[in-house]
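**Q**
There are 2 protein chains.
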Amino acid sequence: MTAPRRSDSTRAAILTAARERFAADGFERATIRAIAADANIDPSLVMRYYGNKEKLFAAAAEFDLRLPDLDGVPPDRHGAALVEHFLDRWAGDDKLLALLRAGVTYEAAAERMREIFAAQLGPIAARVAPDPATAATRAGLVATQILGFALCRFVLKLPPVADLDRDAAVAWLGPTVQRYLHGSI
Amino acid sequence: MTAPRRSDSTRAAILTAARERFAADGFERATIRAIAADANIDPSLVMRYYGNKEKLFAAAAEFDLRLPDLDGVPPDRHGAALVEHFLDRWAGDDKLLALLRAGVTYEAAAERMREIFAAQLGPIAARVAPDPATAATRAGLVATQILGFALCRFVLKLPPVADLDRDAAVAWLGPTVQRYLHGSI
DNA sequence: CTTGTTGGCCAACGCTTGTTGACAACGATA
DNA sequence: TATCGTTGTCAACAAGCGTTGGCCAACAAG
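Those sequence lines, one after another, are chains A and B.
Note that the first sequence covers residues 1 to 185 in this note's numbering.
Note that the second sequence covers residues 186 to 370 in this note's numbering.
In structure tokens, the structure reads:
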């Protein structure tokens, strides 16, 4: 129940600019000065509102995968449903890209990434895995394919991967994720 | 046929230190000063021998995937053979990790990555793909899985992926790569 | 109108970075 | 021995970074 402040729009502008810069440049190349310039304010304001660069990143990368509930999905479509969801999530939100770019060289971002995938993807795997003991491994394998696809498509921009349309991506990756979730070892 | 120089061992020490730092820290966090300290020499020598930081990285990341010839491998083992080869290659050579870490925020490294995978993985996919027109896409898909696994295992260190032993990794990833190479669309 | 608070800008700090140039020791050549 | 290119050290540079503190204008409360 915090009261609205006159500076709320500035705070929001900083956060938006920060997300874009972190997503485009990674943690170290995204400078406070550049973020402030994007938001049309002075760099010192960033410090006043977010304390320091690490806290700014933490605020900018606050984030929920919003994974779908697979209970309402036919079991043989689990893989495709997850892939579709991730594709849409990546395309529509800079935060995941920021987290991926930063996570490679900035330990706090890597830690956040581990938390997110353990806390959000793990339970889903546990729900559908044939053997609960393998659930964590299955979730990890799904992460390798999803993150690898995002890496090649959005970051490295490997031409054949970047050019793949949504349907083709689902057709190729869906069965992989399906096997990681349901397949026998 | 260049003659050996007295400074060859220094040059080599710089290159080794550079590879380790780039692999561990990425391009921007790996400083010339830190690399020089690891090699027990003065930072200015790095400049003398390699020109500037970009050229040093280019020299440190010079690199061959040394992919196996799949012609001598039973077709149903192509996926497993590739996965085994990549696992060993990643484990034994810092350069791939350096390239991956740097490629995320340093465009020249991303470009090198694209070249390597296009020039070295592409032809292999072309040789075994059922339809040559799909070869580039198949190579790209293999890259997503291989790089995604390396990202989760070596960089992000997702526990379930980092803990997987070699045989289990081959058992899980092999069929995926196999399908990307040989499977129907 | 006066006072206190908030939002914003400006100038500067201390530090680290990549990079440069001057200079001393060394080794081969003459 | 004198000469010259090579190898290495040292000190400094300009630029950029995150971060700080002071100052002023706009607003809100009394």
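Even glycine gets a Cβ: it sits at the ideal position worked out from N, Cα and C.
(1) Could you tell me the distance, in whole angstroms, from the CA atom of G368(B) to the CA atom of A168(A)?
(2) Between Q120(A) and chain B, is the shortest Cβ-Cβ distance under 8 Å, so that the two count as touching?
(3) Helix, strand or coil: which one does DSSP assign to L65(A)?
(4) Can a CB atom of chain A be found closer than 8 Å to the CB of T322(B)?
(5) Output the boundary residues of the alpha helix (DSSP H) element that contains F207(B).
(6) So with CB distances below 7 Å, who are the chain B contacts of A80(A)?
(7) On the three-pair Cβ rule with 8 Å, is the region 254-263 of chain B touching the region 216-223 of chain B?
(8) At the 8 Å Cβ level, is L349(B) part of the contact set with chain A, yes or no?
(9) Helix, strand or coil: which one does DSSP assign to Y106(A)?
(10) Using a cut-off of 9 Å between C-beta atoms, extract the partners of A18(A) located in chain B.
(11) Please classify A118(A): does DSSP put it in a helix, a strand, or coil?
(12) Which residues in chain A sit within 8 Å of A356(B), going by Cβ to Cβ distance?
(13) Got a sec? Which residues, its chain only, sit under 7 Å from D227(B) by beta carbon, not counting five neighbours each side?
(14) Below 8 Å between beta carbons: does that hold for G140(A) and V346(B)?
(15) Please report whether the beta-carbon of M311(B) lies at a distance below 8 Å from any beta-carbon of chain A.
(16) Could you tell me which chain B residues have their CB closer than 9 Å to the CB of F117(A), listed as they occur along the chain?
(17) What does D25(A) reach in chain B if we use C-beta pairs closer than 7 Å?
(18) With a cut-off of 8 Å on the beta carbons, I'd call A304(B) and A246(B) a contact; round off their distance for me.
(19) Can you list the residues of chain B that E28(A) reaches, using a CB-CB cut of under 7 Å?
(20) Are any of the Cβ atoms in chain B nearer than 8 Å to that of Q145(A)?
(21) If you check the beta carbons only, do I146(A) and F86(A) fall under 8 Å apart?
(22) Use the C-beta contact count for E107(A): other C-beta atoms within 10 angstroms, 16 or more gives buried, fewer gives exposed.
(23) Are A224(B) and A209(B) touching if we call contact CB-CB under 8 Å?
(24) Buried or exposed: which applies to G371(B), given that a residue is buried once 16 or more other Cβ atoms fall within 10 Å of its Cβ?
(25) On the CB-based measure, 16 or more other CB atoms within 10 Å of its CB, does E54(A) come out buried or exposed?
(26) Run through chain B and tell me which residues come within less than 8 Å of R114(A), C-beta to C-beta.
(27) How about R89(A): is its C-beta nearer than 8 Å to some C-beta of chain B?
(28) Would you mind telling me which residues of chain B sit closer than 8 Å to F22(A), beta carbon to beta carbon, in chain order?
(29) Residues of chain B with CB closer than 7 Å to the CB of L181(A), please, in chain order.
**A** Short version:
(1) 14 Å
(2) no
(3) coil
(4) yes
(5) 193-214
(6) Going along chain B, no residue has its Cβ under 7 Å from A80(A), so there is no contact; the nearest lies around 15 Å.
(7) no
(8) yes
(9) coil
(10) Within chain B, no residue comes near A18(A); the closest Cβ sits about 16 Å away, beyond 9 Å.
(11) helix
(12) I185
(13) A221
(14) yes
(15) Going by the sequence as given, residue 311(B) is Ala instead of Met. Chain A, which has no Cβ nearer than 8 Å to the Cβ of A311(B), makes this no.
(16) C337, L341, L343
(17) T290
(18) Rounded, the Cβ-Cβ distance is 15 Å, inconsistent with contact.
(19) E213, R214
(20) yes
(21) yes
(22) exposed
(23) no
(24) Limits of chain B in this structure are 186 at one end and 370 at the other, which puts residue 371(B) out of reach.
(25) exposed
(26) L341, K342, L343, P344
(27) no
(28) Ordered by position in chain B, no residue passes the 8 Å Cβ test against F22(A), which lies about 11 Å from the chain.
(29) In chain order: nothing, as chain B lies at least about 12 Å away.
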